[in-house]
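Chemist:
Numbering (full-length UniProt numbering), first residue to last: 1 to 319.
1) Could you tell me how far apart the beta carbons of residue 49 and residue 303 are, in whole angstroms, since I believe they sit closer than 8 Å?
2) Rank 189, 24, 295 and 74 by C-alpha distance to the C-alpha of residue 124 and give the top, closest one.
3) Looking only at C-alpha atoms, which of 79, 194 and 28 sits nearest to residue 266?
4) Which residue wins for smallest C-alpha separation from residue 237, given the options 227, 103 and 315?
5) Take residue 187 and list the residues in its own chain whose beta-carbon comes closer than 6 Å to its own, dropping the five residues that flank it on each side.
6) Would you list the one or two residues that DSSP bridges to residue 240?
7) Which residues share a DSSP beta bridge with residue 263?
8) Report the rounded CA-to-CA distance for residue 320 versus residue 96, giving the unit in angstroms.
9) Can you list, in chain order, the residues of its chain with a C-beta nearer than 7 Å to that of residue 168? Leave out the 5 residues immediately preceding and following it.
10) In chain order, what residues of the same chain lie with their CB nearer than 7 Å to the CB of residue 64, ignoring the 5 residues before and after it?
11) Mapping DSSP to helix, strand and coil, what is residue 380?
12) Could you check whether the Cβ of residue 78 sits closer than 9 Å to any Cβ belonging to chain C?
13) Applying the criterion that 16 or more other CB atoms from any shown protein chain within 10 Å of the CB defines a buried residue, is residue 69 buried or exposed?
14) Quick one: is residue 270 buried, meaning 16 or more other Cβ sit within 10 Å of its Cβ, or exposed?
Here it is in structure tokens:
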């Protein structure tokens, strides 16, 4: 049928059953055009609302973060934890629900140990090793996913007789899990480190030390140091900061990298990470920890902003 014939006059006094096939087609076409009449302007309004909402939300979040960082971090962490689960349940992403449940149960157990009073002597080391493990898993998942995606662009998937969509989906999935778990572990470790530092008595909120440790004791976990500062350990080494306080390798790595700490946990002096991590292969770990901050916007706040935009469109009658 000629396109111009679709716009030929139709007798709408007839029902669709009384029309011929050609008349029914013209009627349905014209009814569809009438229904969507003016939608171009409506879509422009929706795009304008989206951009304005994004700008306003960004300004509000920046000011909120500057003025009250603790509440901003708490709400962001809660949104990071809950929103992906809700979306996964709605779309039946069973794999994510299972991984999220296992991660949440194990992390909840560690959090309980960290905030309990009185704190046990072995708790700090357990907490730091757990979040260091989470950090390492997230790091290797992210790097592994990136390598898989780059290999797909090069065409390595054809060697294994796999379609590019299969490898690309696998790479994106690994990157998402790595970044998501990394952000959650990093933020939760911040809370645990602060709680443990106050409970165990290294310093008060005002920064005044309440007890002193021997030279052969780790200033974080309180356990004995089995390896000297300049000796090579079997499982871990011993680090000394510029303030002369000594720590287990796992403890200080967890404090400085995973817990986002740039100060000595005992005296709160500034920590020089370049002196601590002389190995150039370890320096990207610190940079990687900063990159995880970008994920919060995508996982926590962007879905909330789109939900607000949908609410505004619904209130204004825009479809």
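Glycine included, every Cβ here is placed at the ideal spot set by N, Cα and C. In this text the structure is predicted, and so the values were computed from the model without any measurement.
Modeler: Taking the geometry as given:
1) So it is not a contact: roughly 17 Å between Cβ atoms.
2) 189
3) 194
4) 227
5) 77
6) 246
7) 270
8) Missing from the structure shown is residue 320; the chain here goes from 1 to 319 and no further.
9) 149 and 152
10) 72
11) Any question about residue 380 goes unanswered here, given that the chain covers just 1 to 319.
12) Considering every chain present, this structure includes no chain C. It has just one protein chain.
13) exposed
14) exposed
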